[in-house]
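In our numbering, the protein residues as written are 21 to 299.
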């Protein structure tokens with residue numbers, strides 16, 4: 021068993037419980053323990069006057085809701101995999117930051133794409149978006165719909181310098197799942213057609229070393245002239261995972277947000293290591 025846990029966040033909604041279910045299967049696949057977290061953001065004015073017995077403050081209600089969410093998630097996870105090592109941790113503080121920080125040192129942080137209801141949808145949606153672009157570990161954002169396995173991992177490649185950690189994650193997942201891997205580079209420009217052959221050669225060279233490390237993974241590549249977010253979201257319909265570099269430059273984050281908003285299956289953002297950020 022790996023010493024790194026897989027962390028799943030829940031807010032008690034059915035959408036977040038489906039993310040916990042996905043996290044259970046991923047923890048079993050990687051022989052990793054599962055840590056389930058839920059946060060309650062308590063503002064100063066939510067605390068009622070001291071010494072009033074028998075009356076729940078807003079803070080009390082939020083804590084109880086958080087704890088019920090944890091209990092429901094643990095029951096769901098245990099029903100799926102009774103032998104899985106599961107811990108449950110309540111969090112406090114700003115929700116997005118607390119959930120994101122809970123992934124420190126984790127194998128992966130798993131969040132739902134949204135919650136249930138208008139307010140919950142806003143909260144969990146903002147959490148998933150914040151975690152996907154700020155966490156120090158890979159973040160899996162799980163969509164509401166469930167699809168049968170495709171045995172395919174899709175990884176988006178912006179450029180060779182920023183691709184190393186995303187490729188390492190994607191190849192390892194492909195090997196674990198006995199899945200094929202498709203590396204995709206897309207950009208939208210009038211001169212794209214003329215440069216396509218050169219870009220395809222560069223992508224093939226980049227993938228050659230990874231193919232040597234993972235000879236059992238069937239690898240293909242796709243170079244497309246189109247908006248990267250639209251291309252990757254379309255390909256996600258036939259992928260078990262769509263993998264992106266996580267901490268992209270500001271302009272490239274629009275691609276990440278587009279994929280997170282429109283993908284048809286799980287999306288994983290992988291942060292760059294310090295050496296890669298400096299390159």
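Positions of the beta carbon are idealized from the N, C-alpha and C atoms, including for glycine.
query                                                                                                               : result
Segments of 4+ residues assigned as alpha helix (DSSP H) that fall wholly inside the segment 204-241                : 212-233
CB contact flag (residue 127, residue 22, <8 Å)                                                                     : yes
Assigned exposure category for residue 34 - 16 Cβ within 10 Å defines buried                                        : exposed
6 Å CB neighbourhood of residue 105 in its chain, flanking five on each side removed                                : 53
Continuous beta strand (DSSP E) stretch holding residue 107: start and end                                          : 106-112
Buried or exposed (CB count within 10 angstroms, at least 16 for buried), residue 162                               : buried
Backbone secondary structure at residue 55 - three-state DSSP                                                       : strand
Whole-Å CB distance - residue 201 paired with residue 260, under 8 Å assumed                                        : 11 Å between Cβ atoms; not a contact.
Every unbroken beta strand (DSSP E) inside the segment 167-194 [3 residues or more]                                 : 172-176
Which listed residue (285, 109, 224) has its alpha carbon closest to that of residue 25                             : 109
At least three beta-carbon pairs within less than 8 Å, the segment 216-235 to the segment 247-266                   : no
Sequence-distant residues of the same chain with beta carbon closer than 6 Å to residue 194, five excluded per side : 173, 201, 237
Burial state of residue 81, where buried means 16 or more other Cβ atoms lie within 10 Å                            : exposed
Strand pairing of residue 132, partner residues [DSSP]                                                              : 162
Where residue 125 falls, given that 16 or more other Cβ within 10 Å makes a residue buried                          : exposed
DSSP-derived helix/strand/coil call for residue 120                                                                 : helix
For residue 130 and residue 121, the rounded distance between their alpha carbons                                   : 12 Å
Inter-stretch contact (C-beta, 8 Å, three-pair minimum) for the segment 244-259 and the segment 221-229             : no
Secondary structure of residue 200, DSSP reduced to three states                                                    : strand
Rounded C-alpha distance that separates residue 92 from residue 179                                                 : 42 Å
Cβ shell of residue 230 (< 7 Å), same chain only, five flanking positions each side left out                        : 187, 191
As assigned by DSSP and simplified to three states, the class of residue 126                                        : coil
Three-state secondary structure assigned by DSSP to residue 301                                                     : Outside the displayed range of the chain (21 to 299) lies residue 301, so it cannot be described from this structure.
Top-ranked residue by Cα proximity to residue 255, from 289, 152, 204                                               : 204
Separation of residue 248 from residue 58, as counted between CA atoms                                              : 33 Å
Proximity of residue 134 and residue 123 at Cβ, strictly below 8 Å                                                  : no
Among 79, 48, 252, the one whose alpha carbon lies nearest that of residue 197                                      : 48
DSSP state of residue 262 mapped onto helix, strand, coil                                                           : strand
Candidates 119, 169, 183, 176: closest to residue 156 by CA position                                                : 119
Alpha-carbon to alpha-carbon, residue 175 and residue 11                                                            : In this structure the chain extends from 21 to 299, so residue 11 is not present and cannot be described.
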